[in-house]
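Visitor: Structure below; questions to follow.
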Amino acid sequence: MSDADCSVLDLLTELMASAEGRCAYAEARHVEERGEAIAVLNGGIDALDSSDSQGIGVRVRVGGGWGFAAAREVTRAGAEGALARALAIAQAQPAGPGTPLAPVAPARGHWSSPYEVDPFSLSLEEKLGLLFEAERALRIGDERLVRTVATGRAWRERKAFASTEGAACTQELVAAGAGIAAYASDGAELQMRSYPGAHGGGLAAAGGWEHVRGLELAAHAPRVASEAIELLSAPPCPEGTRTIVLHGEQVALQVHESIGHALELDRILLSEASYAGTSWVSPTDLGTLRYGSEHLHITADATLPGGLGSFGWDDEGVAAKRTELITGGVLRAALSDRESAAAIGLGASGGCARADGFARQPIVRMTNVSLEPGTVPTLADLIADTGDGLYLESNRSWSIDDRRLQFQFATEICREISGGELGRLYRNGSYAGVTPRFWGGLDAVCGPDEWRLWGLTNCGKGEPGQVMEVSHGAAPARFRDVQVGVA
Amino acid sequence: MTASEPEALELAERALSFATGEAQATVVHERSLLSRFAVSRPTQATQVDDVTISVLRVHDGHTGSADTNESTDEALRDVAARADAAARAAAAAAGAAGDYPGLPGPAPLRSHDGFDARTAALDPREAGIALRTAFDGCAKHDLQAFGIWTAGLVDTAIASSTGIRAHDVLTDAYMKVIARDADGRTGWAADAGTAIAALQPLALAERASAKVTREEPLALEPGEYPVVLEPDAVGTLLDFLGALGFNGLAHTEGRGALVDRLGQRVAAPAVNLSDAPSFVRTLPRAFDAEGVPKAPLPLIQDGVAHAVVHDTRSAARAGTVSTGHALAPGGAPWGPAPTNLVLAGGGAADEAELMAPIERGLYVTRVWYVNTVHEKSALLTGTTRDGTFLVEDGRIGRPIRDVRFTDSILRLLEATEALTAGQRLVADAEFYGRRFATGVVTPALRAHGFRITGQTV
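Just so you know, the sequences run in chain order A and B.
Residue numbering for the first sequence is 7 to 493, as defined by the numbering used here.
Residue numbering for the second sequence is 8 to 464, as defined by the numbering used here.
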């Protein structure tokens with residue numbers, strides 16, 4: 007912990023001392039963020055941005071209601087002003103029943119995410135060089151390529167947290183990511199191909215620039231560009247009911263949308279009905295609901311190295327933990343914060359309260375929600391075992407209803423599986439399903455060698471909106487009797 | 008606080024003073040209040056007072072930008088230096104001049120009436136009163152209330168080395184009420200405007216409650232149906248068309264849904280769509296993120312596509328001039344977009360008149376989780392939510408379970424048969440990042456062949 011961290015933590019601790027007796031509970035967070043984003047497009051720079059911000063957010067509880075106020079002035083006056091405004095806002099709310107908060111041991115100490123190469127210690131030239139090389143490798147000399155792009159991003163978040171219950175801790179997370187994408191058009195048709203992640207290719211992880219170097223963007227670029235062009239003349243995805251094999255990244259998104267969000271306890275308790283929606287799961291389902299097949303094992307683990315959902319403590323000061331959400335297809339637990347956990351009688355929070363920066367209050371969020379590895383050694387083994395079906399890779403479109411039941415996804419790549427081998431390429435691959443039926447059709451998951459963390463940096467929730475970064479561990483998996491060719 | 012307070016512009020000028028060469032300083036100061044409620048009780052209340060100070064530096068046709076939320080001289084000097092270093096690094100890495108044509112110069116700005124002093128006060132007691140009213144209104148129907156009340160004051164200023172000195176203050180207000188019964192049936196209503204006087208909590212509670220019927224919802228088989236879309240549904244779909252069809256960068260790169268279709272009929276003759284930043288019911292703006300004045304721009308007239316929108320960069324690539332639609336200083340990487348879409352009303356008195364010719368069809372209050380399936384055809388998918396009904400023999404009938412649609416917004420506009428005379432401001436009140444209130448002013452419409460591809464359980 008630096009001297010600056012100590013100074014800010016002292017400020018927050020003194021603020022919490024002054025809040026005693028003025029509210030039932032108070033907490034204060036100082037967040038300092040630094041970010042850098044680079045985009046190389048068609049041989050030139052498309053964006054080169056850096057951002058710095060810091061401020062203090064104060065949340066209080068008065069008469070059963072919450073109030074939250076944020077101030078950018080990191081001074082005693084700024085912090086006290088935020089506290090006063092938070093108190094006034096809470097007091098102006100219609101009176102409601104006071105609900106308890108699950109108990110928590112006061113957070114103390116410092117946590118930081120591991121990394122090897124600080125992305126902010128490198129020169130811009132070095133980072134630009136890597137991205138220019140990757141983007142250049144995408145331009146394989148075909149005029150149907152209308153857009154070739156390489157992006158890189160890094161960010162650092164430092165937090166200090168104190169509460170009226172005695173918490174006083176600091177933490178730091180460093181993360182980086184990069185990717186490439188090629189867009190091809192023949193006039194009537196537009197197709198894109200991304201690597202290593204979908205929607206432009208970026209894949210981020212908690213770590214340093216070593217993560218970006220390890221992606222080997224330039225080496226993958228010619229294949230990515232060629233596949234974008236090949237997709238232009240590929241036949242459309244066939245319609246019907248098929249066995250499908252999903253690439254690990256698409257499995258990760260499927261976990262995110264149809265399991266992670268559905269198991270957020272605030273949604274289950276209707277607190278998010280105004281915006282994100284509710285859930286098809288009810289509190290009484292915990293321990294009994296069959297969510298999927300016996301191959302479905304889901305964990306929420308905020309201790310995973312490299313996970314964007316990893317931390318020392320969540321934004322209510324609850325220590326990071328690993329929770330088994332689904333074992334053998336049966337629902338065991340939900341994602342919770344202190345208020346929602348107490349509302350259903352749990353003795354402790356699930357440690358999932360997270361806030362986007364200093365100017366937003368913590369809400370229930372995923373940490374690193376993962377499909378645990380199965381037993382099929384490799385993707386090739388899974389394809390060989392499948393016989394006939396479709397293989398789908400790299401998300402292109404996603405949509406799911408407000409109870410997280412009926413969904414429809416499209417992917418960049420769709421390939422026929424015939425006789426246990428990958429065959430012809432289709433364009434505009436898509437599939438649809440209903441959550442418990444879909445996961446009930448899960449009959450094989452690849453093993454640890456194919457399993458990895460997939461960072462997702464655009465998870466939106468809350469009002470005002472909050473963007474959160476999470477990771478999902480996943481490996482390629484197979485699903486039976488899935489509706490395909492729906493779009 | 009008044010609309011003429013120059014604090015933001017002074018801050019922008021101070022930031023610009025630390026920049027060298029061709030540069031633009033932008034200040035966006037947000038003060039906002041948002042109260043959420045669920046199960047007829049307040050759940051979260053968030054007050055924000057924060058500023059973003061950004062500097063865009065142009066060097067040899069390349070841009071670099073940096074931002075901060077600190078306003079000390081030290082922080083402003085640092086942000087200017089970071090922007091300068093970024094632009095120089097970009098130029099050095101590219102090894103050739105970039106294609107950014109240079110910052111625009113000053114131009115006369117139109118004033119607007121998008122400021123309301125009562126709203127700017129951001130009094131949390133206003134929220135408290137509105138929430139109580141909505142709770143009581145829903146309780147009369149034995150329903151629970153969910154939703155938000157929010158008000159914001161956003162002060163935007165631009166100072167550039169090319170002489171722009173622009174300052175704009177906008178207030179906005181929004182409230183939505185979802186009424187819900189014990190079985191999970193829901194109804195929706197929302198109000199938006201530049202002032203909290205536009206928010207009618209009791210009327211919202213009544214409108215939302217009226218959508219919650221006690222009948223068991225029917226299941227609707229996939230297929231193509233005549234549909235009446237309320238303004239909330241139309242507004243969401245038009246917003247997507249703004250990004251897919253009218254984005255001048257995507258259009259220039261051959262990725263847009265209107266490539267080779269400008270000057271051609273793309274919608275029914277009754278469809279007239281424009282970007283109208285001073286329209287009476289819109290959330291007005293004086294200039295875009297590059298300080299270029301906002302002005303009305305016809306996009307579809309009598310069903311014929313006329314124009315796409317541009318920022319300075321996309322305009323240069325297209326060989327034209329900016330239409331004042333930059334979303335970020337220097338132009339956003341994803342391109343420009345309209346922020347004040349207005350769909351002209353038609354001749355129908357109300358939604359009931361729209362339904363009259365439908366023998367069997369669908370009535371949709373709003374759509375949810377809409378996403379693009381295919382950019383070139385503006386093919387979208389999403390679900391209905393908070394009030395979906397069967398239309399039978401020209402009248403609203405039984406509620407139906409929410410359905411999934413997969414359809415093109417361009418095809419829907421082509422299939423549009425009638426529109427209501429009245430329009431409503433449909434606002435995007437998600438407010439990710441810095442508050443930027445936008446909305447679509449639109450009537451309800453009737454179209455044929457709405458493609459339903461699935462249903463919720």
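We put the CB at the ideal spot given by N, CA and C, even for glycine.
Specify the secondary structure class of serine 436 (chain A) as computed by DSSP and reduced to three states.
Guide: strand
Visitor: Contact between the segment 472-481 of chain A and the segment 130-140 of chain B is defined here as three or more beta-carbon pairs at a separation below 8 Å; is this criterion met?
Guide: no
Visitor: Among B:His69, B:Arg21 and B:Leu41, which residue has its Cα nearest to the Cα of arginine 84 (chain B)?
Guide: B:Arg21
Visitor: With distances taken between CB atoms, is the gap from valine 219 (chain B) to aspartate 188 (chain B) smaller than 8 Å?
Guide: yes
Visitor: Who are the near neighbours of arginine 324 (chain B) in its chain, counting only those whose CB is closer than 6 Å to its CB and skipping five residues on each side?
Guide: Thr259
Visitor: If I measure Cβ to Cβ from phenylalanine 286 (chain B) and keep anything under 7 Å in the same chain, skipping five residues before and after, which residues do I get?
Guide: Asn347, Val349 and Val448
Visitor: From the beta carbon of asparagine 76 (chain B), is the nearest beta carbon of chain A less than 8 Å away?
Guide: yes
Visitor: Would you call valine 273 (chain B) buried or exposed, if buried means 16 or more other Cβ atoms sit within 10 Å of its Cβ?
Guide: buried
Visitor: Identify which residue in A:Ile406, A:Gly426, A:Gly429 and A:Tyr437 has its Cα closest to the Cα of threonine 417 (chain A).
Guide: A:Tyr437
Visitor: Please tell me whether histidine 258 (chain B) has its Cβ less than 8 Å away from any Cβ of chain E.
Guide: Within the model displayed, chain E is absent; protein chains A and B are what it includes.
Visitor: So leucine 373 (chain B) and threonine 388 (chain B) are in contact, right, with Cβ under 8 Å, and what is the actual spacing, rounded?
Guide: The sequence as given places arginine at residue 373 (chain B); leucine does not occur at that position. The Cβ separation is near 15 Å, so there is no contact.
Visitor: Run the CB neighbour count on alanine 314 (chain B), radius 10 Å, all protein chains shown included, and call it buried at 16 or more, exposed below.
Guide: Looking at its Cβ environment, which holds 16 or more other Cβ atoms inside 10 Å, alanine 314 (chain B) is buried.
Visitor: Tell me which residues share the same chain as alanine 137 (chain B) and place their Cβ nearer than 7 Å to its Cβ, disregarding the 5 neighbours each side in the sequence.
Guide: The residues are Trp156, Met182, Leu206 and Pro208.
Visitor: At the 8 Å Cβ level, is aspartate 188 (chain B) part of the contact set with chain A, yes or no?
Guide: Taking Cβ atoms only, chain A never reaches closer than 8 Å to aspartate 188 (chain B), which makes this a no.
Visitor: Are the CB atoms of asparagine 374 (chain A) and alanine 268 (chain A) nearer to each other than 8 Å?
Guide: With a cutoff of 8 Å on beta-carbon distance, asparagine 374 (chain A) and alanine 268 (chain A) are scored as not near each other.
Visitor: Just tell me which of A:Gly363, A:Gly425, A:Arg229 and A:Ala140 has its CA closest to the CA of isoleucine 44 (chain A).
Guide: A:Ala140
Visitor: How would you label arginine 28 (chain A), buried or exposed, when you count the other beta carbons within 10 angstroms and need 16 or more for buried?
Guide: exposed
Visitor: Identify whether aspartate 67 (chain B) lies in helix, strand or coil by the three-state DSSP scheme.
Guide: coil
Visitor: Which residues in the same chain as glutamate 475 (chain A) place their Cβ atom closer than 8 Å to its Cβ, once the five residues preceding and following it in sequence are excluded?
Guide: Within the same chain, glutamate 475 (chain A) has close Cβ partners Ala181, Ala210, Leu314, Gly315, Gly461, Leu462, Thr463 and Cys465.
Visitor: Looking at the structure shown, is glutamate 12 (chain B) part of a helix, part of a strand, or coil, going by DSSP?
Guide: Any reading at glutamate 12 (chain B) is ruled out, since the residue's pLDDT is 45, under 50, leaving its predicted position unreliable.
Visitor: Whose CA, out of B:Glu17, B:Val65 and B:Gln54, lies closest to the CA of alanine 93 (chain B)?
Guide: B:Val65
Visitor: On the criterion of 16 or more Cβ atoms from any shown chain inside 10 Å, does alanine 204 (chain B) qualify as buried, or is it exposed?
Guide: exposed
Visitor: For tryptophan 161 (chain A), which residues from the same chain have a beta carbon less than 7 Å from its beta carbon, with the 5 sequence-adjacent residues on both sides left out?
Guide: Glu39, Arg40, Gly41 and Ala181
Visitor: Any beta carbon from chain B within less than 8 Å of proline 454 (chain A)'s own beta carbon?
Guide: Taking Cβ atoms only, chain B never reaches closer than 8 Å to proline 454 (chain A), which makes this a no.
Visitor: Can you tell me which of A:Trp72, A:Leu89 and A:Val80 puts its alpha carbon nearest to the alpha carbon of methionine 22 (chain A)?
Guide: A:Leu89
Visitor: Taking the beta carbon of arginine 262 (chain B) as the centre, do at least 16 other beta carbons fall within 10 Å, making it buried, or is it exposed?
Guide: buried
Visitor: Run through DSSP, which three-state label would methionine 198 (chain A) get?
Guide: In the structure shown, methionine 198 (chain A) adopts extended strand secondary structure according to DSSP, grouped into three states.
Visitor: At a CB-CB cut-off below 8 Å, which residues of chain A make contact with tyrosine 376 (chain B)?
Guide: Chain A residues near tyrosine 376 (chain B): Ser405, Ile406, Asp407 and Asp408.
Visitor: Just the C-alpha distance for alanine 108 (chain A) and histidine 262 (chain A), rounded to the nearest angstrom, thanks.
Guide: 26 Å
Visitor: Quick one: what does DSSP say glycine 503 (chain A) is sitting in, helix, strand or coil?
Guide: This structure leaves residue 503 (chain A) out entirely; chain A is present only between 7 and 493.
Visitor: Take valine 324 (chain A) and list the residues in its own chain whose beta-carbon comes closer than 6 Å to its own, dropping the five residues that flank it on each side.
Guide: Val110, Ser355 and Gly357
Visitor: Candidates A:Ser232, A:Leu459, A:Asp320 and A:Ala231: which alpha carbon is nearest arginine 178 (chain A)'s?
Guide: This sequence places glutamate at residue 178 (chain A); arginine is not what is there. Selected option, being the one with the closest Cα: A:Asp320.
Visitor: Give the secondary structure of arginine 150 (chain A) by DSSP, where H, G and I count as helix, E and B as strand, and everything else as coil.
Guide: Three-state result, arginine 150 (chain A): coil.
Visitor: Using a C-beta cutoff of 8 Å, does arginine 119 (chain B) count as contacting chain A?
Guide: Correcting the residue identity first, residue 119 (chain B) is histidine in this sequence and not arginine. No, its Cβ sits nowhere closer than 8 Å to a Cβ of chain A.
Visitor: Using a Cβ-Cβ cut-off of less than 8 Å, give me the residues of the segment 361-393 of chain B that come near chain A, in sequence order.
Guide: Trp375, Tyr376, Val377, Asn378, Thr379, Val380, His381, Glu382, Lys383, Leu386, Thr388, Gly389, Thr390 and Arg392
Visitor: Spatial neighbours of alanine 26 (chain B) within its chain, please: CB distance less than 6 Å, with the 5 preceding and 5 following residues excluded, ordered by chain position.
Guide: Val62 and Ala87
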